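This report concerns only the one structure given below.
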Amino acid sequence: MEHLAMRRTLPVLALCVALLSSSAAVEAAPEPLPGGTFSYGEHARQNITVHGDGDDPALVILHGGSWVRDTDWSGWARWFAARGFTVYDTDYRLASDAAWPAQRDDVLAALRWVKRRSGSTPVVLGSSAGGHLAVSAGAYGAGRKRVRGVVALSPVASPYRAWQDGGMRAASPGQRKLRGTAELLAGCVPYQASGRCWKKWVDLVAKSHASGKDDAPLYLTHSAADFVPVAHSTDLALAQTRAGLKDATVRIEPGEAHGGELLKQPGAAQAVLRWLRQHV
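Mapping of the sequence shown onto mature numbering (1 follows the signal peptide of the UniProt record, and there is no 0): residues -28 to -1, 1 to 252, in sequence order.
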């Protein structure tokens, strides 16, 4: 369903022939790609904006925003599109719209849409909360079947760790805020959690789904003073390598940049670009 672009109407005769030749329901012809914004679901946030040449390898971008707000990735989407990717800048329901696992469900649905429309399995780049969704998609079930590789910038790979860090006396304002949005995402707090709610917190942690060789390769990066510490990524990478994944990289940049700001570090964007090109 694409509510922001015109559908092409099938001629009546062609439609009749198709109905006679197949027992399956006939869908309206899809819009030509690339360009434009398309819906992959019925909610207003379930949409994808496409940049680049539709014949180029598919790159899905998942924005950050602590699961509670949108952030603008159109500039970087155009940057990667200019360097040989068809970029699918993907939105998803926020924690204020629905609790977990709605966000993962949206990303999985978006990945199916991209694969169907592009004819190929995409690579994924996610930032912060979007990094959490990226590594979750790459590890959930047999992630390699849906994702060729995952780049995650400051991924909140463990919302439970973020909740713990945000409750410490020395927590930064960013960590305190992330604690609150993790609670909103889960729909409950761990110390009050029933068995069902505790299972949701476990499900939120990407490494709890690690299956090694069946999962997508990883390129994970944080700054040295990131308010989402590198332990999120080292724990995930260790769990995946112990399970048999042979392609997991963790990179630490100097300073305190977070999420998309990491791409502005000297050489960082080019390093990400090289890794993505190696995995398409």
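Glycine included, each C-beta is placed from N, C-alpha and C at the ideal position.
None of the values given here were measured: they were computed from a predicted structure.
Exercise. When the Cα atoms are used, what is the spatial distance from Arg148 to His194?
Worked result: Rounded to whole angstroms, Arg148 and His194 show a C-alpha spacing of 19 Å.
For this session: Taking only the alpha-carbon atoms, compute the straight-line gap between Gly8 and Ala178 and give it to the nearest angstrom.
Result: If I take the Cα positions, the gap works out to 32 Å.
Problem set entry | For Val(-12), the three-state DSSP class (helix, strand or coil) | Annotation note: pLDDT 29 at Val(-12) (below 50); position unreliable, no value reported.
Exercise. Should Gly139 and Leu150 be called a contact, given that it needs their Cβ atoms to be closer than 8 Å?
Worked result: Contact: no.
Problem set entry | Beta-ladder partner(s) of Thr193, from DSSP | Beta-bridge pairing links Thr193 to Leu125, Arg223.
Problem set entry | Span of the beta strand (DSSP E), counted from its first residue to its last, around residue 267 | Outside the displayed span of the chain (-28 to 252) sits residue 267, for which this structure offers no information.
For this session: State the start and end residues of the unbroken beta strand (DSSP E) segment that holds Tyr60.
Result: For Tyr60, the uninterrupted beta strand (DSSP E) run begins and ends at 58 to 62, by DSSP.
Exercise. Is Gln242 helix, strand or coil when you go by DSSP?
Worked result: DSSP, read as helix, strand or coil, puts Gln242 in helix.
Exercise. Going by the CB atoms, is the gap between Ser92 and Ser126 shorter than 8 Å?
Worked result: Against a cut-off of 8 Å, the Cβ pair of Ser92 and Ser126 comes out as no contact.
For this session: Work out the CA separation of Ala143 and Ala154 for me, nearest whole Å.
Result: Looking at the two C-alpha atoms, the distance is approximately 15 Å.
Exercise. Of the residues Ala81, Leu80, Val95, Gly24, which one's Cα is nearest the Cα of Trp247?
Worked result: For Trp247, the closest of Ala81, Leu80, Val95, Gly24 by C-alpha to C-alpha distance is Val95.
Exercise. With 16 other CB atoms within 10 Å as the buried threshold, where does Ser68 fall?
Worked result: Exposed, since its Cβ has fewer than 16 Cβ neighbours within 10 Å.
For this session: Measure the C-alpha to C-alpha separation of Leu(-25) and Asp61 and round it to an integer number of angstroms.
Result: Only weak support exists for where Leu(-25) lies, its pLDDT of 39 falling under 50; the value from the coordinates is given anyway. Spanning the two alpha carbons is a distance of roughly 15 Å.
Problem set entry | Close beta carbons around Asp198, own chain, < 7 Å, minus the five adjacent residues each side | Same-chain partners within the cutoff: Ser126, Glu228, His230.
Exercise. Are there 16 or more other CB atoms within 10 angstroms of the CB of Ala(-4), so buried, or fewer, so exposed?
Worked result: Unreliable placement is indicated for Ala(-4), whose pLDDT of 31 sits below 50; no coordinate value is reported for it.
For this session: Output yes or no for whether 8 Å exceeds the beta carbon distance between Ala109 and Leu66.
Result: In this structure, Leu66 does not lie closer than 8 Å to Ala109 by Cβ.
Problem set entry | Backbone secondary structure at Phe10 - three-state DSSP | Phe10: strand per DSSP, three-state reduction.
Exercise. Expressed to the nearest angstrom, what Euclidean distance is found between the alpha-carbon atoms of Lys185 and Ala211?
Worked result: Answer to the nearest angstrom: the Cα atoms are 12 Å apart.
Exercise. Can you name the residues that DSSP bridges to Ala30?
Worked result: Thr58.
Exercise. Does DSSP put Ser38 in a helix, in a strand, or in coil?
Worked result: Under the three-state reduction of DSSP output, Ser38 falls in the coil class, being neither helix nor strand.
Exercise. Quick one: what's Ser108 bridged to in DSSP?
Worked result: Bridge partners of Ser108: none, in fact.
Exercise. What do you reckon, are the CB atoms on Leu190 and Val40 nearer than 8 Å?
Worked result: At the C-beta level, Leu190 and Val40 stay beyond 8 Å of one another.
For this session: Out of Ala129, Gln250, Arg249, state which residue places its alpha-carbon closest to the alpha-carbon of Leu176.
Result: Per the Cα distances, Ala129.
Problem set entry | Straight-line gap, Leu234 to Ser166 (C-alpha atoms, nearest Å) | When rounded, the separation of the alpha-carbon atoms in Leu234 and Ser166 is 38 Å.
For this session: Give the straight-line distance between the Cα atoms of Asp78 and Arg84, rounded to the nearest whole angstrom.
Result: Their backbone Cα atoms lie some 10 Å apart in a straight line.
Exercise. Taking C-alpha atoms, which residue in His35, Gln136, Gly56 lies nearest to His104?
Worked result: Scanning His35, Gln136, Gly56 for the CA closest to the CA of His104 turns up His35.
Exercise. Taking just the CA atoms, how far does Tyr112 sit from His181?
Worked result: So the alpha carbons of these two residues sit roughly 6 Å apart.
Exercise. Start and end of the alpha helix (DSSP H) containing Val90?
Worked result: The amino acid at residue 90 is misidentified as Val; the sequence shows Ser. Segment 74 to 90, the alpha helix (DSSP H) holding Ser90.
For this session: Just the C-alpha distance for Gly56 and Ala106, rounded to the nearest angstrom, thanks.
Result: Rounded to the nearest angstrom, the two C-alpha atoms are 21 Å apart.
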